[in-house]
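The next block holds one structure in the form of structure tokens; read it before the comments.
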Amino acid sequence: MRIVVAMSGGVDSSVAAALLAEQGHDVIGLSMQLYDQRGGEQTWGSCCTLDDLHDARRVASIIGFPHYIVNFERQFRETVISNFVQEYASGRTPLPCAHCNSDLKFSTLLERARGFGAEHVATGHYARVEHDENGRWLLKRSVDPDKDQSYFLFSLTQDQLARAMFPVGTLAKSEVRSHARRLGLAVAEKPDSQEICFIPDGDYAAFIERKEPAVVRGGAIVDEGGHQLGTHAGIHRFTIGQRKGLGIASTVPLYVLGIDADAGAVMVGPRTALERVRLTASGVNWIGIAAPARRVRVTAQIRHRHKPAPGVVCALPDGRAEMIFDDPQAAITPGQAVVFYDGEAVVGGGWIE
Amino acid sequence: MLRFEEIVHRIYLDHNATTPLLPAVIDRMTAILREEFGNPSSVHHFGQQAKAAVDDARSQVAELVGGDPSEVLFTSGGTEGDNIAIRGAAEALEATGRKHLIASAIEHEAVLNTIKALARRGWQTTLLPVDQTGIVSPAALRDALTEKTVLVSVMHANNEIGTIQPVAELAQLAHERGALFHTDAVQSAGKIPLNVKGLGVDMLSLSAHKLYGPKGVGALWIRRGLRVMPLLTGGRQERNRRAGTENVPGIVGMGVAASIAADKMADEGPRLAALRDRLEAGIVRTVPGTAVNGSRDHRVPNTTNISFDRVEAESLLIALDLEGVAVSTGSACSSGTLEPSHVLKAMGFNAHRTQNSIRFSLGASNTEAEIDRVIAVLPTIVEKLRSLTRTPARA
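Going down the list, the sequences are from chains A and B. The numbers in numbering that gives the first Met the number 0 rise by one with no breaks, and the one at position 215 of the first sequence is 214. The numbers in numbering that gives the first Met the number 0 rise by one with no breaks, and the one at position 187 of the second sequence is 186.
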């Protein structure tokens, strides 16, 4: 089978590609160039030398399959970056990796793959795709619980899941690294990436200010009663549950409770005020089941590192859903994803409103 | 669709990027590498042997361009030749107060980025426009020249579309205003007759690996009597113009390649032109929405550059490679990514057309059967890519 592997240059996608090639598939490695690697107008010094692209190319040459770089700068800007900036501008906290998966890797890249005669795209994600007896494609957590990335894949449709492959999803991270060593890949000990890829220094606020200076406007920090406690330099600097960087003296620790984009206000309060039992989500994608008209018991995760919490979910009209937790959850954050699980399997997920 | 292991015969149509070495070149280089290892600067037998080999090569290269061997300076390639010509002349003549440089907008990066680097250091620069056929107009040069112009650099043939520039006429205009004239002949050498006297240029750069010689070696022809500032200082090799022990195997390989190119040109040119025309006609006939870029009358015989409407050149290049056909989207340096072609941009084409064009550059090994195979696979590939593209590049 001919398979395109999206290669980031990291150990996971490298091993994913190598394992598929070892199984006898015709592997094509594609690395996506997503943003200008050259740094401003400077045209010397860094053309085509970006370490990650180099690493991916080395893996392809050692294993022996073709590798190409595809330029998705425009698509990345139009889908992932613009959404990222707009979400912050509207007082929400975006999840760019999920958009990148469903709107780029398993759409634009998949289209390219099909043009090259490959009906499947594999990535180095830690997750599993399975086909159930009713013909439904299921998304499951990875075997390695610490590495599971199914949360970031909740928006894949049935068509997308049918064409997705996650070869390292059945392996522990340590096994992935030992495969890399066995195959003589230089990326075997490469550290995991931590930050959002297009903001390597982690300074989201500065990135947004560069991309969209118009969103930067100061406003008030208020308490739950609407009394002004201080001022801030822009709502894009805040996320629900944030404690640092408020610049307000208080006897009890204060947390960001809400962001009012229209008023430009940031509301703060004590930790207990962060807790909610109910949320609604939009753009809900049902994977394990059809949209449930009645309440279904699930566990739900409201951010990547959140311990799944039990409760009930039911579908609302217009692709929305309502989740009611058994116990209150802290810092339910608009813009992040809520993903519903039945044990290991993803039931569905949506964007927190 | 072929499985990878089923591709037994790959078709190479990227000779403007690089060419395979001729067996005669490999044989002569191997002899040098194995036996004649001397340093041309040494006094003894071994040195003399190496010196003689370099001198032979110098004569062979001189003959290819119609110059004198003493005028040939060996370099590490076309890029170095362009750098010595532009930086060396600009710096040598800086004291005269002439600090204006002119180049065409469709030059190779070796020229464009050298000009840009000098612009950052205080030189005035002008980029000459080209018309829609990819040719520089003498009138534009006439308007751009001033009494401050020190050097004009316009390529002989363009690497992406193959168009031949009116170098003789341009050089004469430059000389009338007291400016020097350099031409990058990397893409014309070995493809069409070259004569430095006929062209009337002051400097001309060459690269060995574009004419079936080795990589890492080139030559700059510098008119006798013209002084340029060396980039590399050190020993007195190459008449004090380029320090460092000569790349003897490379230079010798270049000499053999130049000599064979000169001998074969009269037969090989028309043969390649016929194959190229067959390919071009075949593609335009069988693939809808295609157009040839650049002048078809004034171009080197091996090159055609074709736009495929509603296709990303990047995808087409990869799809063709997966079928065993090697082509390019433009100059090789930017082929890691899809950057709009500065050449097609300069010709006034819209953003889409600068990103949907493929260069086919033919060479010695290509046969009619290969060309016919390319014509046979292209329509299906293009059709498939078009049918899957949900998000075409914006015009």
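We put the beta carbon where it would ideally sit given N, CA and C, even for glycine.
Using a CB distance cut-off of 9 Å, ASN70/A counts as an interface residue toward chain B.
Taking 8 Å as the cut-off between beta carbons, the residues of the segment 97-117 of chain A near chain B are SER106, THR107, GLU110, ARG111, ARG113, GLY114, PHE115 and GLY116, in sequence order. Contiguous beta strand (DSSP E) elements confined to the segment 65-119 of chain B occur at 71-74 and 99-103, taking only those with 3 or more residues. Taking a 10 Å sphere around the C-beta of GLU106/B, we find 16 or more other C-beta atoms and assign the residue as buried. In chain order, VAL3, ALA5, LEU29, MET31, VAL69, PHE71 and VAL120 place their CB closer than 8 Å to the CB of LEU108/A, counting only its own chain and leaving out the 5 sequence neighbours on each side. At a C-beta separation below 9 Å, ASP320/B has these neighbours in chain A: PRO65 and TYR67.
For ILE2/A, the enclosing beta strand (DSSP E) stretches over residues 1-5. Per DSSP, reduced to three states, the secondary structure at CYS196/A is coil, with no helix or strand assignment. Rounded to the nearest whole angstrom, the C-alpha separation of GLN227/A and PRO269/A is 15 Å. For the pair GLU70/B and ASN301/B, the Cα-to-Cα distance works out to about 29 Å. Cβ atoms of LEU19/A and PRO166/A come within 8 Å of each other, at about 6 Å.
The C-beta distance from ALA207/B to GLY252/B rounds to 6 Å, short enough to fall under 8 Å.
Against chain B, a Cβ distance below 7 Å from ASP25/A picks out ARG2 and PHE3. The count of Cβ pairs closer than 8 Å, one atom from the segment 102-117 of chain B and one from the segment 152-171 of chain B, reaches three, so the stretches are in contact. For ARG76/A, no CB of chain B lies under 9 Å from its own CB, so it is not counted at the interface with that chain.
Along the segment 185-243 of chain B, the alpha helix (DSSP H) occurs as fully enclosed runs of 4 or more residues at 195-198 and 236-239, listed in sequence order.
Here LEU253/A is near LEU245/A, since their CB atoms are less than 9 Å apart. No residue range can be given for ARG309/B, since it is assigned to no alpha helix (DSSP H) and is classified by DSSP as neither H nor E. The beta-bridge partner set that DSSP reports for LEU127/B consists of SER103/B.
Nearest to ASP50/A by C-alpha distance, out of ALA232/A, ALA314/A, ALA185/A and ALA289/A, is ALA185/A. Pairwise C-beta distances place the segment 220-239 of chain B in contact with the segment 76-89 of chain B, as three or more of them are shorter than 8 Å. Sequence-distant partners of GLY268/B (beyond 5 residues in either direction) whose C-beta falls short of 8 Å from its own C-beta, in its chain, are LYS190, ILE191 and PRO300. At a cut-off of 9 Å, the C-beta of ARG1/A has a neighbouring C-beta in chain B.
Using beta-carbon distances, LYS344/B does not count as an interface residue toward chain A, since no partner is under 9 Å.
Residues of chain A whose Cβ lies closer than 8 Å to the Cβ of THR388/B are, in chain order, GLU110 and GLY114.
Rounded to whole angstroms, GLY76/B and THR244/B show a C-alpha spacing of 15 Å.
Using a CB distance cut-off of 9 Å, SER314/B counts as an interface residue toward chain A. Under the three-state reduction of DSSP output, SER360/B falls in the strand class. Shown here, TYR67/A sits in a strand according to DSSP, grouped into three states. Minimum Cα-Cα distance from SER154/A among the listed residues SER60/A, GLY168/A, GLU132/A and VAL338/A corresponds to VAL338/A.
Here the alpha carbons of PHE206/A and LEU63/B stand approximately 55 Å from one another. At least 9 Å separates the CB of LEU225/B from every CB of chain A.
Following the DSSP letters along the chain, one finds GLU267/B inside the alpha helix (DSSP H) bounded by residues 247-285.
Nearest Cα to GLU382/B within the set GLU34/B, THR289/B, ALA52/B and ALA345/B: THR289/B. Taking the Cα of GLN328/A as reference, the smallest distance to any Cα among VAL276/A, GLY348/A and PRO316/A is reached at VAL276/A. In the structure shown, PRO333/A adopts coil according to DSSP, grouped into three states.
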